[in-house]
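Right, one structure below, let's go through it.
Numbering (the working numbering), first residue to last: 4 to 680.
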C-alpha cells in the first residue's frame with residue numbers, strides 16, 4: 004500500500020493525546036467523611052470495574068477513529084499491476100503557463116498561483132524516485148532536464164509572469180522531445196496547466212503519440228473583461244518640427260461589459276500632452292485620434308496609458324519619434340543643372356540640396372542621400388548602374404528624369420529593377436488624363452484630373468514599356484501612356500518620369516504636379532524609424548546610427564538595464580540584437596559607451612496575443628485532440644486531479660473506506676459514552 008500524501012501520516016502523533024489522558028487521570032477527587040462504609044464498599048468496587056471497561060472501549064474507538072481519519076487524508080492506495088510490473092517509475096513533464104493572461108483572478112486567487120499549487124500537488128502525488136521536468140513559456144535551458152521532486156518544487160516556487168506565450172502544440176513538442184530523450188523504462192506523462200486561450204490552444208495540431216499520456220488542466224478566470232491598447236501609428240509618413248502630428252490609436256474591449264468614460268492619456272517625455280475620454284462597447288474595437296506637436300528636431304519618447312484591472316500588461320503602449328533636421332537631396336546632372344529642381348527645393352529650408360556632375364561622381368555620396376534625383380544622365384557606366392541598384396536595395400528613393408539625347412542608355416538599369424524600358428521618343432502633344440488619386444503623392448490635391456484644362460500638356464515623351472508587378476502608373480496621358488511610374492524594388496523606390504523639364508518637352512515643370520510630387524518625394528524619402536517594436540518578434544532592430552570605427556561600442560540603457568548589445572552591420576545599416584537582452588517593455592536609449600552621446604530612442608512593447616481572454620472549453624479541448632493520443636481533460640479539485648493521475652495504472656484508492664471507518668468508530672464512541680454508563 005502507498006500513500007498519495009504520506010506527509011499527513013505525521014498527524015498520527017495526535018494519538019498520544021487520548022492515550023495520555025487515559026493513563027493519567029487528572030480529575031481531582033473530593034474527600035467526603037461518611038460514618039459507615041461497610042455497605043458502600045461492595046458497590047464502589049463494582050462501579051469502578053465497569054467504569055474502567057467503558058474507558059478502554061472509548062479509548063480504542065477514539066484512537067481508531069483518529070487513525071482512519073489521518074489515513075483518509077493521506078490517501079492510501081494499492082498500486083495497479085501496470086505500475087508494479089511494467090515500469091521502474093514515472094517521467095512527468097509539467098508545463099506551467101506563466102503568460103500574462105495568468106494574471107487574471109479566479110475564486111481561488113490569481114491563476115498563476117493556482118497553477119503553481121496544482122503543479123506542487125501533482126508532484127507530491129508521485130513516488131520519491133519519479134523524475135520531473137518543469138516547462139514554462141520562457142523555455143529555459145535548465146528546464147530541459149528531468150530532476151528530483153525537491154528540485155522541481157523549488158523551480159515551481161521561482162516561476163514568475165513572463166511576456167512570452169507559447170502555442171499548445173509547441174509546448175507538447177518540447178515535452179515530447181524531453182520525454183523521448185530519456186530511458187524507456189519509465190512511464191511518460193505530460194501535463195499542461197493553463198487557461199488555454201483560444202489564440203494559443205491549437206490542440207488539433209498536436210502530433211499523435213500513443214506512448215505519452217497527456218493531461219490538460221484548464222484554469223478559468225472569473226471575468227473575461229479586458230481593455231487593451233493594441234497599436235498606434237502616425238497618419239503622415241513624415242515627422243517635421245512645428246507641424247501637428249495626428250496619431251491614430253487602436254483600442255479593444257475584449258470583454259462582455261460596455262465601458263464608459265475610459266481615459267486615454269498621452270505622455271511625451273513623462274509630461275502629459277493629451278487626454279481622450281471614450282466609450283467602448285463590449286467585444287468592439289475603436290480608433291482614437293490624438294494630436295500633438297513636436298517643436299524641435301531630435302528624439303522624443305512617449306507612452307499611451309489607460310487604467311484597466313487586473314490584466315494590466317496591455318494598458319501601456321510605448322513609442323519613440325525622431326524629428327529630422329533636414330532631408331538630404333543629391334541631384335546628379337547629366338548636363339546643365341535644372342532651374343526647376345533648384346526652385347522647388349529652394350522654397351523650403353527643410354531640404355539640403357547638393358548638385359554633382361555625373362561625369363565626376365563620387366559614389367560615397369550615395370550613403371548620405373535620402374533622395375537622389377537623376378536628371379538627364381546620358382553616360383551609363385556599369386559602376387553607376389551597380390551603385391544605384393545598391394542604393395535601392397538599401398531603401399533609397401530615386402526620381403529619374405530622362406535625357407533628351409540618350410534615354411535608352413538607361414534601359415538596362417530600368418529593366419533590371421522592373422521599371423520598364425524607354426521606347427522611341429514620341430512628339431505628339433498629349434494632355435495628362437488622370438492621376439492615381441489614392442497614392443500618397445497626390446493626397447490633398449484639390450484639382451480634379453477630369454478638368455483637362457487644368458492638366459499639363461506634354462509635347463514630347465518616352466513611352467514606358469511593360470514593367471514588373473511591383474510597378475504602378477501614377478500619372479496617365481490621354482493615350483493611356485504612363486507619364487510617371489512608381490516601381491518598388493527591394494527596400495527602395497524608383498519614380499520614373501517619361502518626359503523632360505525644359506520648355507521643349509511641355510509645361511509639366513511649370514504645373515503644380517511637378518513641385519508637389521518632388522517635395523513629397525523628398526519628405527517621404529526620409530526613413531522614419533518605427534514607432535515601437537514588439538518583444539519577441541524581432542531578433543534585430545535597425546537603428547539610425549553610424550559606426551565610425553569597429554572600436555566604438557554602443558550601450559543600451561533603460562528599465563534598470565545597462566548592457567552592450569550585439570551589433571550587426573548589413574548593407575551599411577546598423578542593427579542591434581535584442582532577442583536575449585530585453586524582457587521588459589519600456590523605453591530604451593542607445594548611446595555611445597565612451598561619451599554617452601545619444602544615438603537613438605527605442606520603444607518596446609509586449610505582444611498582444613495574451614490580451615484576448617477567450618478560453619477553450621472542456622468540450623473543445625477534448626474534441627480536437629489528435630487521433631491516437633492518450634489525452635484527458637480534468638475539471639476537478641486538486642485532490643481529484645492527483646487521484647486521476649495515480650489511477651492511470653489501475654491503482655485502487657482506499658481513502659473512502661478509511662473515511663467511512665473513521666465515521667464508524669466516531670459513532671461507536673458516541674454510543675459508548677451515551678449508553679454505557
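Glycine is no exception: its CB is placed at the ideal position from the N, C-alpha and C atoms.
| Item | Value |
| --- | --- |
| Check whether residue 437 and residue 460 have beta carbons under 9 Å apart | no |
| Of the residues 191, 158, 184, the one placed nearest residue 633, counting alpha carbons only | 191 |
| Supposed close pair residue 399, residue 372 - CB separation, criterion 8 Å | 7 Å |
| Three-pair Cβ contact test at 8 Å for the region 128 to 140 versus the region 292 to 302 | no |
| Those residues which DSSP pairs with residue 237 across a bridge | 250 |
| Residues bridged to residue 150 (per DSSP) | 135 |
| Beta-carbon separation (whole angstroms), residue 465 vs residue 401, contact threshold 8 Å | Actually they do not touch by this definition, with Cβ atoms about 17 Å apart. |
| The region 221 to 237 / the region 507 to 520 touching (three or more Cβ pairs under 8 Å) | no |
| Straight-line gap, residue 297 to residue 342 (C-alpha atoms, nearest Å) | 33 Å |
| 8 Å CB neighbourhood of residue 282 in its chain, flanking five on each side removed | 261, 262, 263, 264, 265 |
| The alpha helix (DSSP H) enclosing residue 525, as first and last residue numbers | 516 to 528 |
| Same chain only: Cβ atoms within 8 Å of residue 242, ignoring 5 sequence neighbours per side | 248, 297, 324, 325, 326, 327, 531 |
| Exposed unless 16 or more other CB atoms sit within 10 angstroms - verdict on residue 54 | exposed |
| Minimum C-alpha distance to residue 256 - residue among 236, 273, 275, 230 | 230 |
| Three-state secondary structure assigned by DSSP to residue 671 | helix |
| Test item: CB-CB of residue 167 and residue 102 under 9 Å | yes |
| Whole-angstrom C-beta distance between residue 443 and residue 108, which should lie under 8 Å | Not confirmed; about 46 Å, so no contact. |
| Straight-line Cα distance separating residue 467 from residue 452 | Its pLDDT being 45, under 50, residue 452 is placed unreliably in this model, and the coordinates cannot settle the point. |
| With 16 other Cβ atoms within 10 Å as the buried cut-off, status of residue 598 | exposed |
| 8 Å Cβ shell around residue 624 - same chain, five flanking residues per side excluded | 199, 204, 206, 219, 221, 636 |
| Residues near residue 337 by beta carbon distance below 6 Å, same chain, minus five either side | 361, 379, 380, 381, 406 |
| Residue 5 to residue 98 span [Cα, whole Å] | 26 Å |
| As assigned by DSSP and simplified to three states, the class of residue 430 | coil |
| Spatially closest choice to residue 383 from 544, 367, 396, 408, by CA coordinates | 408 |
| Proximal residues to residue 582 (C-beta, below 7 Å), its chain only, five neighbours per side dropped | 542 |
| Residue 625 (DSSP reduced to helix, strand or coil) | helix |
| Burial state of residue 278, where buried means 16 or more other Cβ atoms lie within 10 Å | exposed |
| Cβ neighbour criterion (16 or more within 10 Å) applied to residue 79 | buried |
| CA-to-CA distance, residue 659 to residue 11, given in whole angstroms | 16 Å |
| Residue 665 versus residue 188 - alpha carbon distance | 39 Å |
| Status (buried if at least 16 other CB within 10 Å, exposed otherwise) for residue 322 | buried |
| Cα-Cα separation, residue 521 to residue 306 | 34 Å |
| Burial state of residue 527 (16 or more Cβ within 10 Å) | buried |
| Residue 478, DSSP secondary structure in three states | strand |
| Simplified DSSP state of residue 3, which is helix, strand or coil | There is simply no residue 3 to check, as the chain begins at 4 and stops at 680 in what is shown. |
| At least three beta-carbon pairs within less than 8 Å, the region 169 to 179 to the region 585 to 600 | no |
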